[in-house]
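Asks:
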Amino acid sequence: MSKNSQFTPTELHHWQLTLAEANRHNIFCHCRHCEAEWVDSSEEAACPHCGSKNIERIACWQFPDD
Ligand SMILES: [Zn+2]
185 MSKNSQFTPT ELHHWQLTLA EANRHNIFCH CRHCEAEWVD SSEEAACPHC
235 GSKNIERIAC WQFPDD
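Position in the sequence shown (from 1) plus 184 gives the number in the numbering used here.
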């Protein structure tokens, strides 16, 4: 077992579920067509500015938090 982990297996599992939930409902979107940026909870959203579906999606929890 790693001495670096402060989580019990149960806590770790809960945290992974929390991350998965955040990932599903808080997606940072970037339109490759018009460069618009917004946050959406849908993985099927088209660009609100130009209607393009050429969207780059990044889960917000992947951003560095500093
Ligand atoms: Zn666009």
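Backbone N, C-alpha and C fix where the C-beta goes; we use that ideal spot for every residue, glycine too. None of the values given here were measured: they were computed from a predicted structure.
#1: DSSP three-state label for E195, please.
#2: Going by the beta-carbon positions, is the gap between C213 and C234 smaller than 8 Å?
#3: Based on DSSP bridge pairs, tell me the residues matched to C218.
#4: For A204, which of C231, K237 and S225 has the nearest alpha-carbon?
#5: For E221, which residues in the same chain have their Cβ closer than 6 Å to its Cβ, ignoring the five residues on either side in sequence?
Replies: Inspection of the coordinates gives the following:
#1: helix
#2: no
#3: Partner(s): none; C218 has no beta bridge.
#4: The shortest Cα separation from A204 among C231, K237 and S225 belongs to S225.
#5: H214
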